[in-house]
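Note that this note's numbering numbers the sequence shown so that position 50 is 53, with each residue one more than the last.
Beta carbons are placed, not taken as given, at the ideal position from N, Cα and C, and that holds for glycine.
Note that the structure is a prediction, hence the values are computed from the model and not measured.
First comes the structure, then the notes that go with it.
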Amino acid sequence: MNSLLDKARLLRTMLLKGPRLGSHFLELTNRRFLNSPSKIIGWSDGYPSYYLLSPPLLSKPAMNSLTTRIMSLYQWRKLPDHISVAVTDACNCRCEHCSATSMVSAKGAPLSGAEWKGVIRQAQELGVATVSFVGGEPLLRQDICELVEAVDKDLSQAILFTNGCALAARAAELRRAGLTSVIVGIDTPEAEAHDARKGSPGAFERALEGIEAARRSGLLTGISAVVRPEDLASGTVERLFELGRELGVNQVLLFDAVATGSYSGRQDMSWSAAELEAIVALCASYQRRRGYPGIHSYTYHKSHRGIGCAAGVSQLYVSPQGEVCPCDFDPTSMGSVRDTPLHVLWDRFTARGYTHSSLEGCRRQHAATQLEREQEPAREQEPARELIQ
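This is the structure in structure tokens:
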């Protein structure tokens with residue numbers, strides 16, 4: 004039994020150290036999820052943001068995210084936290100890395116506005132805290148702001164990925180509709196090289212104009228880059244960080260290229276373990292620097308030290324025609340929202356083996372790497388067989 008002295012010491016400790024419990028928890032969480040100490044990258048409606056793909060801390064969507072995790076315990080099942088809705092397959096660029104080219108292309112027209120609102124409602128009923136609008140180019144939909152408005156902001160934040168070409172004209176409207184963040188795709192800081200990768204002359208300047216308009220409108224603003232192994236070797240990655248600092252964006256997000264979509268079959272998109280570790284270390288180094296935006300590597304996020312590959316586990320993707328897939332890199336379809344309720348399709352992920360996050364990184368990337376490694380010995384043995392013959 005505790006003595007009176009022990010009880011008094013416990014009370015004193017709680018009074019002195021209790022208020023720091025929240026900050027300690029936040030710091031540890033950021034180290035595990037983001038490979039960094041707590042770094043506020045911006046503010047949205049009075050709430051601090053640490054990562055653009057997660058709701059700002061203490062906001063209602065952030066509390067809904069926590070509630071979803073609690074509900075998953077009560078239901079004894081995984082529940083989704085993030086949904087990407089590809090509201091159109093139309094695009095004004097021809098990005099060389101586009102993953103949409105390998106996604107399910109079901110027959111029929113893209114979902115209507117009313118159908119997309121139904122998908123968003125069903126996703127929020129399942130507990131998603133982030134609704135991410137993707138494409139194609141989502142800003143080519145005239146009703147995109149109406150779809151953003153359809154997101155219940157008490158439950159989920161609305162974010163949007165764009166090439167930025169039409170952002171300048173629509174940024175203020177998007178903010179009024181309740182968008183929290185906009186992430187603009189810039190894969191290289193040199194205008195000519197960027198336009199070549201996008202397949203659209205002038206795309207770089209239009210993207211920069213869009214970023215400035217988004218910042219003026221009060222949107223949290225980020226840059227997303229799909230980087231290749233050669234970008235790491237050439238210093239392109241560091242120059243992207245410098246561009247983010249110059250533009251005053253809130254975060255730079257790096258996605259290591261996956262050999263899918265337009266990159267299918269590209270062996271030069273294979274990453275060595277050392278290269279992936281180098282990206283993680285480089286991003287962590289810049290994340291700690293003062294005066295720079297938040298720097299986050301999806302390489303870390305999907306590794307064994309982060310949450311792993313969460314496709315089909317805590318996130319899902321809906322194609323323009325309504326096919327439900329694990330993510331926008333994996334075309335494995337669970338069926339269509341036009342035929343089946345979303346919660347039924349979500350449960351099919353578990354039935355088909357998506358029971359937990361993969362700690363080997365992106366499932367698609369890992370599968371491609373494994374296949375290449377299995378074929379490599381055969382290629383090395385061919386000359387030897389010729390000599391024997």
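Residue i: CB within 7 Å of a non-hydrogen atom of the ligand FMN
i: Ala199; result: Inclusion of the ligand FMN in the displayed structure is not the case, the ligand content being empty and no account of it being possible.
When the options are compared against residue i, the one with the closest alpha-carbon
i: Ile310; options: Ser336, Leu345, Cys365, Ser339; result: Cys365
i: Gln318; options: Leu345, Ser300, Ile298, Phe244; result: Leu345
i: Glu233; options: Ile73, Arg178, Ala260; result: Ala260
i: Cys148; options: Leu177, Ala171, Ser159, Ala172; result: Leu177
i: Arg55; options: His299, Gly21, Asp333; result: Note that residue 55 corresponds to Leu in the displayed sequence, not to Arg. For Leu55, the nearest C-alpha among the options comes from His299.
i: Ala112; options: Phe352, Asp350, Ala354, Ser322; result: Ser322
i: Leu434; options: Ile186, Gln324, Ser68; result: The structure shown does not extend to residue 434, since the chain is modelled only from 4 to 392, so the question has no answer here.
i: Arg3; options: Ala276, Tyr289, Arg209, Ser275; result: Nothing about residue 3 can be read from this structure; the chain reaches only from 4 to 392.
i: His85; options: Leu69, Gln78, Leu76, Trp79; result: Leu69
i: Asp350; options: Ala194, Gln78, Ser220; result: Gln78
i: Tyr301; options: Arg12, Arg35, Ser6, Leu24; result: Arg35
Secondary structure of residue i, DSSP reduced to three states
i: Phe164; result: strand
i: Leu257; result: strand
i: Val340; result: coil
i: Ser26; result: helix
i: Ser62; result: coil
i: Ala404; result: Beyond the ends of the chain as shown, which are 4 and 392, falls residue 404; an answer cannot be given.
i: Val154; result: coil
i: Trp274; result: coil
i: Glu280; result: helix
i: Leu319; result: strand
i: Ser361; result: strand
i: His299; result: strand
i: Tyr50; result: strand
i: Asp146; result: coil
i: His85; result: strand
i: Glu195; result: helix
i: Thr32; result: helix
i: Asp333; result: strand
i: Gly205; result: coil
i: Leu223; result: strand
i: Thr183; result: coil
i: Ala228; result: strand
Supposed contact pair residue j and residue i - C-beta distance, whole angstroms, cut 8 Å
i: Gly213; j: Arg248; result: Contact doesn't hold; Cβ gap of about 18 Å is too wide.
i: Ala228; j: Phe258; result: 7 Å
i: Ser184; j: Gly225; result: 6 Å
i: Ser41; j: Glu30; result: 5 Å
i: Leu222; j: Leu250; result: Wrong, their Cβ atoms sit about 13 Å apart, outside the cutoff.
i: Val230; j: Leu285; result: 11 Å between Cβ atoms; not a contact.
i: Asn67; j: Tyr53; result: With a Cβ gap of about 17 Å, Asn67 and Tyr53 do not count as contacting.
i: Ser159; j: Val131; result: 6 Å
Cβ-based neighbour list, residue i, same chain, cut-off 7 Å, excluding 5 preceding and 5 following
i: Ala313; result: Ser360
i: Leu235; result: Glu278, Ala281, Ile282
i: Pro296; result: Ile44, Gly247, Arg248, Val252, Asn253, Gln254, Val255
i: Ala216; result: Leu170, Ala171, Ala174
i: Lys305; result: Gly311, Cys312, Gly364, Cys365
i: Arg218; result: Thr224, Gly251
i: Leu61; result: Tyr50
i: Ser220; result: Ala174, Ala175, Arg178
is_contact[residue i, chain B] using C-beta, thresh 8 Å
i: Gly205; result: Among the chains in the structure shown there is no chain B, since it carries only a single protein chain.
Beta-carbon proximity list for residue i, same chain, < 6 Å, skipping 5 on both sides
i: Gly188; result: Asn166, Ser227
i: Leu362; result: His307, Gly311
i: Leu348; result: Val327, Met337, Gly338
i: Asp198; result: Pro204, Ala206, Phe207
i: Asn38; result: Ala287, Tyr303
i: Gly325; result: Leu114, Ser339, Val340, Arg341
i: Phe352; result: Gly315
Beta-carbon contacts of residue i that lie in its chain and below 8 Å, excluding the five residues immediately before and after
i: Leu143; result: Thr91, Ala93, Cys94, Asn95, Ala169
i: Tyr357; result: Ala314, Gly315, Val316, Pro329
i: Ala245; result: Checking the sequence, you will find Glu at residue 245 rather than Ala. So the list reads Pro192, once near-sequence residues are dropped.
i: Ser140; result: Inspection of the sequence shows that residue 140 is occupied by Glu rather than by Ser. Excluding residues within five positions, the ones whose Cβ falls inside 8 Å are Thr91, Ala93, Cys94, Asn95, Cys96, Thr165, Asn166, Cys168, Ala169.
i: Val151; result: Phe136, Ala161, Leu163, Leu177, Ala180, Gly181, Leu182
i: Gly202; result: Cys96, Arg97, Cys98, Glu99
i: Met74; result: Leu82, Gly130
The segment 162-177 / the segment 127-143 touching (three or more Cβ pairs under 8 Å): yes
Can you confirm whether the segment 118-131 touches the segment 144-160 when touching is taken to mean that 3 or more C-beta pairs between the two stretches lie within less than 8 Å? yes
Check whether the segment 113-125 touches the segment 332-344, counting contact only when three or more Cβ pairs, one atom from each stretch, lie closer than 8 Å. yes
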